[in-house]
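Written out below as structure tokens is the structure these notes cover.
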Amino acid sequence: MVKLSEKKKKDFRRDKVLKHANKTEPEFPSFIAGLDTYSGSWDFQMAAHLLRRTTIGPSIEEINQSVTDGLEKTLEKLLDEKFINVDPPINYQDEDDPETPLGSTWINAEKRVDDFKRKNSYAAWRVGQILDKDKDISVRENMLLFWQNHFATEATVINDARYTYYMHENFRKNFLGDFKRLVKAVNIDPAMLTYLSGIYNVKDAPNENYARELFELFTVGKGPIDGEDSYTYYTESDILEASKILTGWRVQRNHVGEGREYFTLDRHDTSTKTFSEKFGNKSISSNGDKEHEDLIDLIFENDRVSEFICEKLYRWFVYYVINDEVKSKIIKPLAKTFRDNNYRVKPVLQQLFRSNHFYEMYIRGAVIKNPISFSLGFLRQFTMYGFDELDNFEKYYYWRARHINISDQGQNILDHPNVAGWPAYYQEPLFHEYWITSVTLPSRTTHIKYYLSNNGVRASQTDNNIRVKSKPLTLVQTFKNPHDIVDTVDKLCEWLLPVQSEISQDLKNDFVNIVVGDNPNIWEDEYNDYVNDPDDEKEESLNKKLRSLLKEICLMPEYYLS
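Going by my numbering, the sequence shown wraps up at 617, each residue one higher than the last.
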């Protein structure tokens with residue numbers, strides 16, 4: 056439990072930065088492109104932009120392959136919905152878990168009273184899924200983060216890692232699928248029933264927590280107040296009627312496997328529920344365990360649902376400013392596509408990612424990377440050698456430590472700040488600027504320096520000598536002219552820094568000088584000497600130079616952008 060005094064200190068440090076942030080949203084140019092198909096050249100910069108926004112830390116090989124594939128084939132890969140079967144998280148640290156021996160999974164075990172080690176296991180496992188480079192490029196992990204932020208929960212409140220795992224796995228399996236069906240599933244999901252008090256929602260004392268968020272955060276959005284107890288898209292009376300519909304659902308705490316939720320008719324309000332003029336004064340009759348689905352069908356009769364979700368997708372993948380022109384040219388057409396395709400997400404993203412608007416100059420490099428894209432993205436871009444030789448327990452320790460890193464930067468995979476999710480995606484006018492504070496900025500700097508340290512990164516809880524290390528020389532050797540440090544710097548900047556027009560030749564010269572100093576030939580001489588007569592000492596000397604170079608590039612403000 057964080058002490059209140061410490062929380063106030065942290066908030067004060069945060070406020071010192073935020074008071075200098077933007078007070079109003081920036082404006083688009085007077086004219087923006089629409090959703091017509093992208094007609095420009097498909098080069099490295101365009102491919103890099105698409106993969107930066109849709110995946111986490113695209114490698115240079117992935118970008119080059121996208122250039123070769125072209126836009127359409129790249130989108131086909133990114134939006135492939137084929138099922139990916141992955142091994143579930145395991146118990147890697149809890150020797151006292153009576154249900155789950157070390158090395159076996161806990162997802163089908165009974166509840167653990169001291170659940171934090173299972174939560175640690177799940178957090179580590181999720182990091183491992185994000186860092187996995189063996190799978191084809193996909194928007195899957197990014198969409199999983201989108202959905203868990205949309206239906207935000209806090210694992211510490213739920214206090215059962217099994218619930219969190221199964222909820223997120225449902226998002227993973229349906230990452231581009233039917234949004235209406237997904238909302239119906241979330242209505243009675245054990246994690247959500249626990250988090251927003253649905254298990255306490257009974258006919259004699261309706262609990263409005265989930266019903267309120269269902270309208271405000273999950274489907275239509277709140278909108279301005281337009282009357283007494285009335286918002287733009289629903290009223291307080293609608294919340295009460297919806298909460299009655301949602302009564303009667305419970306969760307079996309010690310149930311093994313999925314399907315922990317169950318319906319009890321004697322706790323359910325069987326009266327007819329009548330909604331306001333916002334919903335045409337329509338009524339929903341008692342329908343047992345299917346009544347909550349009738350509620351979703353009624354809400355989805357409002358076109359605002361499709362617009363609300365398309366706005367959130369736009370802010371996640373494109374930009375945070377949604378003015379009248381964006382609404383008319385982008386959001387409304389996307390919303391129509393959403394409705395025309397029975398609320399399937401894939402056609403919406405296909406239309407968005409192949410549009411001229413998505414590739415406009417002022418969209419590229421215009422948002423601050425979230426901590427996952429910044430830190431875990433870096434680790435996807437630069438392989439840590441020695442990792443494959445680790446055993447499962449060491450891998451989980453390494454992944455868990457990386458989750459602590461991103462949590463320090465303000466993005467905990469398990470615990471959102473509250474039911475509204477991460478403020479960077481909804482809090483006007485700052486939005487993405489919330490990621491950078493006097494607390495989180497030093498963390499970003501520290502982590503990049505640590506990942507590129509010559510001593511490597513610790514990968515064992517018990518043995519400080521077990522480490523993984525970046526070897527950027529291995530990557531540079533795949534470049535066309537690895538002996539040419541000027542060409543190498545050009546390629547690294549093109550890959551890592553999204554706004555090339557901001558990168559002057561003087562800056563690139565400074566990067567080159569980090570490696571060569573007063574001797575312009577030193578890199579080529581040392582590299583050729585290594586190629587002709589390789590040994591570990593020469594290899595490490597070259598790697599040290601490249602690590603120093605990458606520290607400078609990856610601590611540039613431009614690297615913080617996507």
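For glycine and all other residues, C-beta sits at the position ideal for the given N, C-alpha and C.
Asked                                                                                                                      : Found
Endpoints, the beta strand (DSSP E) within which I280 is located                                                           : I280 to G282
Environment of E131 [buried if 16+ CB atoms lie within 10 Å]                                                               : exposed
Presumed contact (8 Å Cβ cut-off) between S617 and R107, rounded CB distance                                               : 5 Å
Meets three-Cβ-pair contact criterion under 8 Å: the stretch 592–602 and the stretch 519–535                               : yes
Beta-bridge pairing of R513 - partner residues as DSSP gives them                                                          : R522
Test item: CB-CB of W490 and A475 under 8 Å                                                                                : no
Residues near S94 in its chain [Cβ-Cβ closer than 8 Å; skip 5 each side]                                                   : N411
W371 versus F201 - alpha carbon distance                                                                                   : 7 Å
Helix, strand or coil at R409 [DSSP, three-state]                                                                          : coil
Boundaries of the alpha helix (DSSP H) in which V554 is found, first to last residue                                       : No alpha helix (DSSP H) contains V554, which DSSP labels as neither H nor E.
Opening and closing residue of the beta strand (DSSP E) in which V637 lies                                                 : Nothing in the structure corresponds to residue 637, since the chain is present only between 56 and 617.
Nearest neighbour of Y452, chosen from P153, E127, R181 and V122 [CA to CA]                                                : R181
F99: first and last residue of the uninterrupted alpha helix (DSSP H) it sits in                                           : F99 to T109
Residue from I521, G465 and S121 whose Cα sits closest to the Cα of V494                                                   : G465
Reference Y218, options A260, K166 and L269, closest by Cα                                                                 : K166
Outcome for L320 when other beta-carbon atoms lying within 10 angstroms are tallied against a minimum of 16                : exposed
Endpoints, beta strand (DSSP E) assigned at F363                                                                           : Note, F363: premise wrong, no beta strand (DSSP E); alpha helix (DSSP H) at R359 to F372.
Start and end residues, alpha helix (DSSP H) containing E296                                                               : E291 to I300
Where T92 sits in the DSSP three-state scheme                                                                              : strand
Nearest-angstrom Cα separation, counted from I461 out to V212                                                              : 20 Å
Spatial distance of E579 from P553 (CA atoms)                                                                              : 27 Å
Distance CB(E316)-CB(I243) smaller than 8 Å                                                                                : yes
Nearest-angstrom Cα separation, counted from Y289 out to E607                                                              : 52 Å
Bounding residues of the beta strand (DSSP E) (the contiguous stretch that carries E316)                                   : E316 to F318
L431 vs I139 beta-carbon contact at 8 Å                                                                                    : no
When S515, S341, F355 and L368 are compared against G335, the one with the closest alpha-carbon                            : F355
Among Q532, S331, F318 and Y286, nearest to A297 - alpha-carbon criterion                                                  : S331
Beta-carbon contacts of L199 that lie in its chain and below 8 Å, excluding the five residues immediately before and after : H223, F226, R227 and F230
Three-state secondary structure (DSSP) of D344                                                                             : helix
First through last residue of the alpha helix (DSSP H) which encompasses P50                                               : It is not possible to answer for residue 50, since the shown part of the chain is limited to 56 through 617.
8 Å CB neighbourhood of M247 in its chain, flanking five on each side removed                                              : F206, T208, M222, V241, G253 and Y265
Separation of K235 from S341, as counted between CA atoms                                                                  : 21 Å
Close-in-space but distant-in-sequence residues of the same chain around Q405 (CB under 7 Å, 5 per side omitted)           : L130 and L134
Inter-residue Cα distance where the pair is M611 and K600                                                                  : 17 Å
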